[in-house]
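Numbering (my numbering), first residue to last: -3 to 395.
Before any comments, here is the structure.
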């Protein structure tokens, strides 16, 4: 069938589109009462299994004698102190550890005791940081730095030491993770790829949920600081920045996405030119614009393409996310059929239909920029039309 016209009743005019957009802009936004995370003090470091504590006891054997013990926290969260035995310390900050050790000695073993506890060594955690562009790095984090911000900061410091474009000591000193968001919400990481400021944590433990943070949002930064600590094998994925684009399809030579200018708009004529222009000789007269309205509804707009291209009416401004479709109409289907099947010669016009030729033409046109012109030249042969030529006799053979 030659018919390829899209349904007319479901499309609106540009004037109706402008009216709908104005109505949507005039509506008061719905105020959503979201629970904001309160400003809380960042928790002190909590002792974890595998940490090594240095404990100094003063007055254990004599009034001013010092006894220093280096003890590793066992997997059950305890340390084995001489004379008093097991003391539970996992999950406590250093002040609380001192209180627990003091309570284990006084008054059962000594009347009074001075002591000091410090963190001698910590159990490290190794995570994988994935950047846009496919680059990844292993990052080792101490127990007190097992969150997304420290993982990114340590990775950025390592990258800055190598010196890729867009990262330097100033960017790291400004806050490490800020280089991921950048001044405009994006930074260059991973071979020139652009990071969006969004970070996703994929835990190695399937029982733990995947967490996503937008580091441009202060509440998400708080969430990242107060989140459960990362575990060895977790993956921190820096998501790429989505490049704004208009998508052009249909009767153009190079359908696909067309990047939008920094101001967020693109004219229809420029979009078609960037998509390789309209296909030759088909002369489409209309197009369909798909646009998402502010209220979430999808609008289908009829555009008088021929009048826009000829300058009879003003150009149409496209926005990021728009889809421009230049569809077939009965007229374009007929012109395409004529180009494929009609041959003109000095003695008349011949028409034929050869499905194999049509398929070959479409394959050439799809895979070769000059396929259309080659197929057209093949059809416009000056001479007797092939349908009128007699079948040549086979060459004579000598007995």
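From the three backbone atoms N, C-alpha and C, an ideal C-beta is built for every residue, glycine too.
Span separating the alpha-carbon of residue i from that of residue j
i           : j           : result
residue 226 : residue 204 : 11 Å
residue 302 : residue 294 : 24 Å
residue 331 : residue 277 : 7 Å
residue 307 : residue 206 : 52 Å
residue 138 : residue 236 : 27 Å
residue 8   : residue 262 : 21 Å
residue 96  : residue 146 : 30 Å
residue 10  : residue 193 : 36 Å
residue 325 : residue 304 : 17 Å
residue 321 : residue 335 : 22 Å
residue 229 : residue 122 : 6 Å
residue 135 : residue 231 : 10 Å
residue 214 : residue 220 : 10 Å
residue 151 : residue 318 : 37 Å
residue 66  : residue 49  : 6 Å
residue 83  : residue 117 : 18 Å
residue 160 : residue 149 : Model confidence at residue 160 stands at a pLDDT of 40, short of 50, so the residue's coordinates are unreliable and nothing is read from them.
residue 257 : residue 142 : 40 Å
residue 107 : residue 75  : 22 Å
residue 316 : residue 234 : 23 Å
residue 297 : residue 312 : 11 Å
residue 87  : residue 130 : 37 Å
residue 105 : residue 92  : 20 Å
residue 333 : residue 291 : 42 Å
residue 89  : residue 133 : 31 Å
residue 255 : residue 286 : 17 Å
residue 217 : residue 240 : 26 Å
residue 310 : residue 17  : 19 Å
residue 260 : residue 208 : 26 Å
residue 337 : residue 253 : 32 Å
residue 202 : residue 98  : 40 Å
residue 56  : residue 212 : 53 Å
residue 273 : residue 140 : 58 Å
Burial state of residue i (16 or more Cβ within 10 Å)
i           : result
residue 396 : With the chain running from -3 to 395 in the structure shown, residue 396 is simply not present.
residue 328 : buried
residue 399 : Residue numbering for the chain in the displayed model covers -3 to 395; residue 399 lies beyond these limits and cannot be assessed.
residue 51  : buried
residue 60  : exposed
residue 288 : exposed
residue 200 : exposed
residue 114 : exposed
residue 6   : exposed
residue 264 : buried
residue 383 : Because the pLDDT of residue 383 is 42, which lies under 50, any placement of that residue in the model is unreliable, and the number read from its coordinates should be weighed accordingly. Exposed: under 16 other Cβ atoms inside 10 Å.
residue 222 : exposed
residue 15  : exposed
residue 197 : buried
residue 271 : buried
residue 64  : exposed
residue 340 : exposed
Whole-Å CB distance - residue i paired with residue j, under 8 Å assumed
i           : j           : result
residue 244 : residue 251 : 6 Å
residue 195 : residue 144 : 6 Å
residue 85  : residue 69  : 6 Å
residue 249 : residue 275 : 6 Å
residue 62  : residue 54  : 5 Å
residue 210 : residue 119 : Not quite, the Cβ-Cβ distance comes to about 30 Å (not below 8 Å), so this is no contact.
residue 280 : residue 247 : 5 Å
residue 282 : residue 268 : With a Cβ gap of about 13 Å, residue 282 and residue 268 do not count as contacting.
residue 284 : residue 224 : Not a contact, Cβ separation roughly 49 Å.
residue 94  : residue 109 : Wrong, their Cβ atoms sit about 10 Å apart, outside the cutoff.
residue 45  : residue 71  : 5 Å
residue 77  : residue 100 : 7 Å
Per DSSP, cross-strand counterpart(s) of residue i
i           : result
residue 147 : None, per the DSSP bridge assignment.
residue 127 : BP columns for residue 127 are empty, so no partner.
residue 68  : 48
residue 13  : Paired residues: none, contrary to the question.
residue 334 : BP columns for residue 334 are empty, so no partner.
residue 135 : 123
residue 140 : According to DSSP, residue 140 bridges with nothing at all.
residue 62  : 54
residue 74  : 84
Proximity test, residue i beta-carbon vs the ligand HEM heavy atom, cut-off 8 Å
i           : result
residue 225 : You won't find the ligand HEM in this model; it holds no ligand whatsoever.
Chain B within 9 Å of residue i, Cβ atoms only
i           : result
residue 285 : Looking at the structure shown, chain B is missing, and only one protein chain is on hand.
Completely contained alpha helix (DSSP H) runs for the segment 246 to 331, where each covers 4 or more residues: Those alpha helix (DSSP H) runs which fall completely within the segment 246 to 331 and span 4+ residues are 264 to 270, 301 to 306.
As an exercise, report each continuous beta strand (DSSP E) stretch of at least 3 residues that is fully enclosed by the segment 78 to 116, in chain order. With a minimum length of 3 residues, the continuous beta strand (DSSP E) runs that stay inside the segment 78 to 116 are 81 to 84.
Identify every run of the beta strand (DSSP E) within the segment 195 to 249, keeping only runs that are complete inside it and at least 3 residues long; order them along the chain. 207 to 210, 231 to 236, 241 to 246, all fully within the segment 195 to 249.
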